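Chains as they are written, first to last, in the working numbering: chain R, 23 to 259; chain B, 23 to 259; chain F, 23 to 259; chain S, 23 to 259; chain W, 23 to 259; chain Z, 23 to 259.
Cβ coordinates follow ideal geometry from the N, Cα and C atoms, glycine included.
Remember, predicted model here, so these are calculated numbers, not experimental data.
Protein chains: 6
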Amino acid sequence: MRPSKRAADELRAVTLERGVSKHAEGSCLVKFGDTHVLCTASLEERVPPWLRGQNRGWVTAEYGMLPRATGDRMRREASAGKQSGRTQEIQRLIGRSLRAVVNLEALGENQITVDCDVIQADGGTRTASITGAWVALRDCIEWMKARDMVSGEVLKDHIAAISCGIYEGAPVLDLDYAEDSTAETDANFVLTGSGGIVEIQGTAEGAPFSEEEFGKLMGLAKLGIGKLVDLQKMAIL
Amino acid sequence: MRPSKRAADELRAVTLERGVSKHAEGSCLVKFGDTHVLCTASLEERVPPWLRGQNRGWVTAEYGMLPRATGDRMRREASAGKQSGRTQEIQRLIGRSLRAVVNLEALGENQITVDCDVIQADGGTRTASITGAWVALRDCIEWMKARDMVSGEVLKDHIAAISCGIYEGAPVLDLDYAEDSTAETDANFVLTGSGGIVEIQGTAEGAPFSEEEFGKLMGLAKLGIGKLVDLQKMAIL
Amino acid sequence: MRPSKRAADELRAVTLERGVSKHAEGSCLVKFGDTHVLCTASLEERVPPWLRGQNRGWVTAEYGMLPRATGDRMRREASAGKQSGRTQEIQRLIGRSLRAVVNLEALGENQITVDCDVIQADGGTRTASITGAWVALRDCIEWMKARDMVSGEVLKDHIAAISCGIYEGAPVLDLDYAEDSTAETDANFVLTGSGGIVEIQGTAEGAPFSEEEFGKLMGLAKLGIGKLVDLQKMAIL
Amino acid sequence: MRPSKRAADELRAVTLERGVSKHAEGSCLVKFGDTHVLCTASLEERVPPWLRGQNRGWVTAEYGMLPRATGDRMRREASAGKQSGRTQEIQRLIGRSLRAVVNLEALGENQITVDCDVIQADGGTRTASITGAWVALRDCIEWMKARDMVSGEVLKDHIAAISCGIYEGAPVLDLDYAEDSTAETDANFVLTGSGGIVEIQGTAEGAPFSEEEFGKLMGLAKLGIGKLVDLQKMAIL
Amino acid sequence: MRPSKRAADELRAVTLERGVSKHAEGSCLVKFGDTHVLCTASLEERVPPWLRGQNRGWVTAEYGMLPRATGDRMRREASAGKQSGRTQEIQRLIGRSLRAVVNLEALGENQITVDCDVIQADGGTRTASITGAWVALRDCIEWMKARDMVSGEVLKDHIAAISCGIYEGAPVLDLDYAEDSTAETDANFVLTGSGGIVEIQGTAEGAPFSEEEFGKLMGLAKLGIGKLVDLQKMAIL
Amino acid sequence: MRPSKRAADELRAVTLERGVSKHAEGSCLVKFGDTHVLCTASLEERVPPWLRGQNRGWVTAEYGMLPRATGDRMRREASAGKQSGRTQEIQRLIGRSLRAVVNLEALGENQITVDCDVIQADGGTRTASITGAWVALRDCIEWMKARDMVSGEVLKDHIAAISCGIYEGAPVLDLDYAEDSTAETDANFVLTGSGGIVEIQGTAEGAPFSEEEFGKLMGLAKLGIGKLVDLQKMAIL
């Protein structure tokens, strides 16, 4: 039995609320249960120095957590003077995942930065971030289309992410904090709307896991991401 | 005529929503119109090194802005590796203001950190922060009282803040961004519930101002803060 | 009775010594009693990036304290690797105050940086800095005039600053360290030569203060700044 | 055809040279072809603050690259003042991988830090690091055993790592730089000697990949890691 | 002919003014011509962590330059966020030089930090710093003696420093900036009052120099330092 | 008797191995006994901003130590976030020494950065670095010559360095760590192939030393550097 009483293949309640920022070109407040992440997409009509003059754009991401998003207050990274390794690892993952479904040539010499700020954390902040970031990114691209800033299809597919893990010996979908902190194995999957794999990260927290177990986690992930992509489609109707 | 059509002595729509954080001992989402600040109060049962062994507590504040809280995306301070002078100035002000109404002896050897994170900015983030921070702080102290962690009156009074300015020649209350960016004079007032002055900061952005003008700004501030304190009282009913 | 035996409306001995730096375009060693600040104005024939091409100049300030300017040695900020919030707050104040009396268009695309370095501290370092910085700035502008680098009136007025406070229940002018560290209320005023207000910062260190008390502090400040402006005029004769 | 003419399932020439450091308790110079990494294991008889008093030890890793380990000189991280996100990601991975085969209770209150410094890079630095780090770690633990500092089995199994990828449409083992920079998919596998999975990281650099493709990569990885573990066994004979 | 018209073996006008700081336990404003350095000695009744419990004290030094001490304004190190290599090199030299004449055992578990802050620079700031630092250090030790904080002889000898160089082919003593910036060879000597050598640093700025030339520089240095030690003796009469 | 049984004027076994890096334009692994330094010379076809447009090149150096190059593991500078004063002092010395024998005009607008990374330390890392850096630099310049990137003689002479010291009362050549940590006096000499002096650094670690003692150290240095230059000549045959 999971602490949340969910079935093994059951997502938390997921909501994707668009247009939550007065200023950003695209935005989405994504909730995976008690995990709440504000995603904003910001357009800049310039690209990083190493990309100049190539008629291509760039999509990048930054990730942060409010100090009291967690059970115990964490030190503010701006005050500590640097981002933790975990923060950098997550924001690199979000950026890579988004770029996998963007046609950078079609974007022109523009950069979109998606900020994913965790307002409240209860496990799965990186997967919620990717899932919500796609919505913010999509609305930013729509904003550009409405202003004839891009032509052709910039966004090639949906992208969404979910965690799976082995909790008390059983494979389960969408770990919350109570599960995540005791799971033997934790895996994050990033898949496109058409089912292509973009990123897999599996880690044995306790004992190593087998190929068979990993196969079951991937099965759950495909199921869950299918549902997340459906929710993205409904959100942008 | 103000851009927002408000009367000269009219506040923006102000809301104070309590209990918005699953984890924090006290929290408040404060809105002054389109300025939205999430305030969380975090209790730690220890004090800074310089205060140890004195049977007194401490209240401090940190302030941050999400990168796209503003019209143009600003660089994330955690990524820049340091907090700006403006950020430090504001968080020092919030901390001083809160301490002015706290009986630190009654708090015992505990520290409360109030984080004020600007989710969306439209002028007046520091005044909204102080006004909301009081609510978060108050709920944190109530949380302690319910657990017999403090005795006696820890919180001596309300504290709230408002900005006033001279906009197109006329003194107005509660500047929004459109006014703030063109106001000739900008002043922030921090007052207690009983009308005592805790902090005054007045700055001539353009031409110097006169003592008479300053008197009018203070009159507006007293009016506005009276209303904010009423809203605080209603919020904690 | 004040520790220094001064009358309530009496300044410390103030001196403004010009031309103390072999290299700087303008310089002034200002003393407010035992508070000694070396102010140098440095001209650069370029402006910050965000101001380029606008035919306007810029005036900015930096503030520092020698490690043993104070009773106990403080950590050197260069060694700590960052400037404190207090330092940044003060240098922003000095810069704003100076710009309030400078015609930036008349300055052309030049930047003047005024460094205020506290050689010895005994309270009131920011007010002494502003008062002396005006003299250094003025001599730098004269230096430019003598080389036909500017035309028209660059400097619109005098600017000077003083602190006032409520010490043992009584309003007093120009707090020294002994008073500053125990004053109930501390306020800094920055006024122009013609009496216009440029900046007011009032803080209740203990109990909140009343509007009436604040009025008395402002009265003292106007008196004191009048004297400081007279001293500036004598210094530049 | 691979640039190196290797068969699809062929490792580069791998060597593991022990005892290369005069000072370290354990050391190994590992070469995967032209990728050379110096691994040193350093023993400290203390643990991080958060682990004190728990009768358990800790194993951690740091990773670095000499500035000219690569084709173009990279900026020295010590001079830049911070470690890149990539560096932090890799050193966290190495540490997690090693801890997966260490009995931390049996280690006692000791910390072993394994430094993996890339002397020359030609792709696969993180997998070479993990494979060599195990040898250095093992010799450090032997050093402790010889001094009766640990009892019982500290090291539970071998650990080794290899990259696989899809290069010009075909799954290949152990990517070198020429392959890595153009591969469509890149995956790193960390497995124990008994075949348990400790970490999987798969990333689509270009088009998303399928579950079937991923299965082929895992098959190659199991083959390659089997050979690496054999080489580790021969190295410590 | 030297730009300053000085003879080859002639020092600039040197003054050592004691007691210039209201707060420091020892202080000296040293002038070597237009090079002015404020030296303050600060006593702390504790030692660095690595020296605790050894019944020995420590003497250390920090060095800084006001931003406009030089002909062109330099960036403030506190604002840049780090001390330059040159700064660190100089402060390490000053500290080593002072420790060479201090009996650290006799100092007890106390630390003296000598801050050398260059108010105005015209070449030779490090040699002026060492020469003035000795005076500040000596007065700090006298301050301790007067309070029975030390017993026995803490200060074993005088220490002073001077630069020599080869300027337009001729060996000269005490280089000023005009000479220093074009000298072919620049050497700094730190000697005790009894003529022992504590530190020699000789650098060929242009062509390498010969042993014979170096011998002449050392001869000048011994002459000059003899005079500096005489001035120190007169200063402390 | 020296700990290593060497005669007073005997170098450690010195080897200079060229071409050790697959990527660098010039490289040398230098060993002075158990002190091993990897020197790589990297060519960039640009110069620092302050040198642009002057038809001159630049040679600079960076120095680093692997964390476990030493008997106790030292903190990684990249992780600490800054280079120590010692590191900066050494890399400045290496750069100055190399530039003393380079004709920067003949180099054209190119920069060569020589990285000296200490793989294993046993005293004398800076002198080994300079000696090996010359070989790496020379091969880089040969690389340029072979591509007609430079004309005329870029390299004017050999440069090499050695330490000498007074160990247990006797002057000895080429201190290893056991000697260096207890030597009364430590001096580093940097000389050209033709015997010109480029840099002398002599420091009394304990009692001051005399001019006569210093003369003996210089005599040993000239002998040792003569041998090092012979080894450089043999290495590049």
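Would you mind reading off the limits of the beta strand (DSSP E) that contains residue i?
i      : result
B/S64  : 57-66
F/L213 : 207-214
S/T135 : 133-142
Z/L38  : 36-40
S/V52  : 48-54
B/E201 : Looking at the DSSP string, B/E201 is not in any beta strand (DSSP E); the run it does join, the alpha helix (DSSP H), is 199-202.
Does any residue of chain B have a CB that is nearer than 9 Å to the CB of residue i?
i     : result
F/T57 : no
R/G86 : yes
R/T37 : no
Between residue i and chain W, is any beta-carbon pair separated by less than 9 Å?
i      : result
Z/A168 : no
Z/P155 : The residue asked about is misnamed: residue 155 of chain Z is Ala in this sequence, not Pro. Chain W contact via Cβ: absent.
Z/L33  : no
Does any CB atom of chain Z fall closer than 9 Å to the CB of residue i?
i      : result
W/F54  : no
S/I141 : yes
S/I90  : In the sequence as displayed, the identity of residue 90 of chain S is Arg instead of Ile. Chain Z, which has a Cβ nearer than 9 Å to the Cβ of S/R90, makes this yes.
Would you report the Cα separation of residue i and residue j, rounded to the nearest angstrom?
i      : j      : result
R/V59  : B/H45  : 15 Å
W/E47  : W/A168 : 11 Å
S/K249 : S/G86  : 26 Å
Z/T82  : Z/N210 : 20 Å
R/A229 : S/S216 : 12 Å
Z/A100 : S/S64  : 18 Å
W/V157 : W/G41  : 10 Å
S/E39  : S/V52  : 6 Å
F/C43  : R/L129 : Before going on, a small fix: residue 43 of chain F reads as Ser here, not Cys. Approximately 56 Å, taken between the alpha carbons.
F/R98  : B/S106 : 19 Å
How far does the alpha helix (DSSP H) with residue i in it reach, from first residue to last?
i      : result
W/Q110 : 107-121
F/W72  : Neither: F/W72 is in no alpha helix (DSSP H) and is coded neither H nor E.
W/L253 : 233-257
S/G154 : 147-168
Taking 9 Å as the CB-CB limit, is residue i close to chain S?
i      : result
R/E221 : yes
Z/K104 : yes
Z/G107 : no
Z/G146 : no
Report all residues from its chain with a CB closer than 8 Å to the CB of residue i; omit the five preceding and five following residues, and keep chain order.
i      : result
R/G307 : It is not possible to answer for residue 307 of chain R, since the shown part of chain R is limited to 23 through 259.
S/G187 : P193, V194, L197, E201, D202, A205, E206, T207, D208, A209, L239
Considering only residues of the same chain and omitting the five flanking positions on each side of residue i, which have a CB-CB separation below 7 Å?
i      : result
F/V220 : S119, A122, I181, V212, L213, T214
F/Q113 : A83, E84, Y85
Z/D56  : Q142, D144
Should residue i be counted as a contact of the ligand COA given a C-beta to heavy atom distance under 8 Å?
i     : result
F/T57 : The ligand COA is not part of the structure shown, which contains no ligands of any sort.
Per DSSP, which one or two residues make a beta bridge with residue i?
i      : result
F/Y85  : F/C138
F/G187 : F/V194, F/D208
Z/G103 : None; Z/G103 has no bridge partner.
R/G224 : R/A209, S/I222
Among the residues of its own chain, which have a CB less than 6 Å from the CB of residue i, if the five just before and after it don't count?
i      : result
F/I134 : A63, L65, V81, C162
R/Q223 : N210
Determine, for residue i, whether the minimum Cβ-Cβ distance to residues of chain R falls below 9 Å.
i      : result
B/E164 : no
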